[in-house]
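Counted from 1, the sequence shown has number 254 at position 222 by my numbering; the numbering is strictly sequential.
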Amino acid sequence: MYLELSHLKKSFGEKTVVEDLTLSLPQGELLCILGSSGCGKTTTLNMIGGFLAPDSGQILVDGEDITAIPPERRPVTTVFQSYGLFPHMTVLQNVVYGLKFQRIRRAEAREKGLRYLEMVGLADYAGAYIHEISGGQQQRVALARALIVEPKLCLLDEPFSNLDAALRVKMRQELKSLQRELGMTMVFVTHDQEEALILADRMAIMEQGRVLQYDAPLHIYHNPVSPFVADFLGLKDLEWRQDGALLKIIRRDDKEEHHAG
Ligand SMILES: Nc1ncnc2c1ncn2[C@@H]1O[C@H](COP(=O)(O)OP(=O)(O)OP(=O)(O)O)[C@@H](O)[C@H]1O
Ligand SMILES: [Mg+2]
33 MYLELSHLKK SFGEKTVVED LTLSLPQGEL LCILGSSGCG KTTTLNMIGG
83 FLAPDSGQIL VDGEDITAIP PERRPVTTVF QSYGLFPHMT VLQNVVYGLK
133 FQRIRRAEAR EKGLRYLEMV GLADYAGAYI HEISGGQQQR VALARALIVE
183 PKLCLLDEPF SNLDAALRVK MRQELKSLQR ELGMTMVFVT HDQEEALILA
233 DRMAIMEQGR VLQYDAPLHI YHNPVSPFVA DFLGLKDLEW RQDGALLKII
283 RRDDKEEHHA G
C-alpha cells in the first residue's frame, strides 16, 4: 500500500476529534473521505500533511514512516480548504511557485504554469493579483498550484466547494483525468455524496472522528453497513433483517430496488 494510516488519534483538549483511524490506499488511487461538517476530515488531512501531530498512530508513505517528519519534507502536497495563496504574488506566480524547487527553466515553468491555468479555466487571469479574483477563482489557482508539481501524494480539502455546479463537473473531470494520466495518489475530502461516488476509487465514510465504512464507492452504495451510512448516501429506505443484515435498499428516486446479500 502506498499510503497507510494506522490507528490515528487526535484530541483537542477533552474532545477527541479523530479516533482510531486506519486506512490504506494503493498507489495511483483516489480516496474520498466523505463526512458531514465537523466530523474530522480536515484534521485527518492535516495529520497526513504534517501540519498537525497525531496523539498516537502512524502514517506511512511508500513504506516509510513519516509521522515525525515536517511537512516540507513529506512527499505530499496539500490543497487547503482556505487556499493559502500568496497575496503579494500574481496568479501565475502563485501557480509556478512550487516549480522553484524543481530543476526547471523559467520559460518552461511559465509555459507549464499557463497550461495549468488553462486547465482550470483561468488563462486570462495570469497577471491578476489574488485580491483581484473571486473566491472560486482563488480556489482554482490553489488547485493548479498544487497539481503543477505533480506530487506523488496530493491531499485536497473540499477543492471545489466554491464552484458552481457546471464548473464543479468540469473540474472533477479534469482532476480525474490528470490523476489517472500521472498516476497520482490522492486523498480528496468532501461532504458531497455525488462528488465522492463519481471521483473515488475508494471511499471512506466518516462520522464523529471514526471511519464507519471503507470500500469501493459502489460497494458501499449497494451494501451500506448501517442505516446511518445509507441515509448519508441519500438512500430513501432500507429493509433490515432482524439480525441486522441489510435486506433491501430503496432509493430516493423510488424506482430501483437492489438486493444486498
Ligand atoms: N485547533 C483546534 N482546536 C480545537 N478544536 C478543533 C481544532 N481544529 C478542529 N477542531 C474541532 O474538531 C472537529 C473536527 O474539525 P475538522 O476541521 O477536522 O472538521 P471537518 O470534517 O473538516 O469539517 P468541515 O466539513 O466543516 O470542514 C470540530 O468539532 C472542530 O471544532
Ligand atoms: Mg474541513
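All residues carry an ideal CB built from backbone N, CA and C; glycine is no exception.
Legend entry - Those residues which DSSP pairs with Ala139 across a bridge: Per DSSP, Ala139 has no beta bridge partner at all.
Legend entry - Exposed unless 16 or more other CB atoms sit within 10 angstroms - verdict on Phe118: Phe118 should be labelled exposed.
Legend entry - Cutoff 7 Å; reference Gly94; Cβ partners in own chain excluding five residues on either side: Looking at the sequence shown, residue 94 is not Gly but Asp. Answer for Asp94: Tyr34, listed in chain order.
Legend entry - Distance between Met216 and Ile237 (C-alpha atoms, nearest Å): Rounded to the nearest whole angstrom, the CA to CA distance from Ile237 to Met216 is 22 Å.
Legend entry - Thr54, buried or exposed, once every other Cβ within 10 Å from all chains shown has been counted against 16: With fewer than 16 Cβ atoms within 10 Å of its Cβ, Thr54 is classed as exposed.
Inset, instruction - Give the range of the alpha helix (DSSP H) segment to which Ile230 is assigned. - result: Ile230 -> alpha helix (DSSP H) spans Gln225 to Leu231.
Inset, instruction - Determine the extent of the beta strand (DSSP E) in which Leu210 is found, giving its start and end residues. - result: Residue range Ala197 to Leu214 is occupied by the alpha helix (DSSP H) that includes Leu210, with no beta strand (DSSP E) assigned at that position.
Legend entry - Spatial distance of Val243 from Arg204 (CA atoms): Cα to Cα, the separation comes out at about 24 Å.
Legend entry - Closer than 7 Å: Lys184 CB and nearest ligand 2 heavy atom: Here the distance from the Cβ of Lys184 to the nearest heavy atom of ligand 2 is not below 7 Å.
Inset, instruction - Kindly indicate which residue of Val50, Gly241 and Ile252 has the alpha-carbon position closest to the one of Ala228. - result: Considering only alpha carbons, the answer is Ile252.
Inset, instruction - Could you check the C-alpha separation between Val201 and Met151 for me, to the nearest Å? - result: Between Val201 and Met151, the alpha-carbon positions lie close to 13 Å from each other.
Legend entry - Beta bridge counterpart(s) of Val173 as assigned by DSSP: In the DSSP assignment, no residue is bridged to Val173.
Legend entry - Span of the alpha helix (DSSP H) around Asp263: Judged by DSSP secondary structure, Asp263 falls within the alpha helix (DSSP H) whose first and last residues are Pro259 to Phe264.
Legend entry - Reduced DSSP secondary structure (H/G/I, E/B, other) of Arg81: Correcting the residue type first, residue 81 is Gly in the shown sequence and not Arg. Note: Gly81 maps to helix in three-state DSSP.
Inset, instruction - With DSSP as the reference, label Gln125 as helix, strand or coil. - result: Note: Gln125 maps to helix in three-state DSSP.
Legend entry - Endpoints, the beta strand (DSSP E) within which Leu40 is located: That run of the beta strand (DSSP E) goes Leu35 to Phe44.
Legend entry - Beta-carbon proximity check, Leu57 vs Arg177, cutoff 8 Å: No. Outside cutoff.
Legend entry - CB contact flag (Thr75, Val221, <8 Å): Contact: no.
Legend entry - Element boundaries [beta strand (DSSP E), containing Leu66]: Per DSSP, Leu66 belongs to the beta strand (DSSP E) from Leu62 to Gly67.
Inset, instruction - Pick helix, strand or coil for Val50, following the three-state DSSP scheme. - result: The answer is strand: DSSP assigns Val50 an E or B state.
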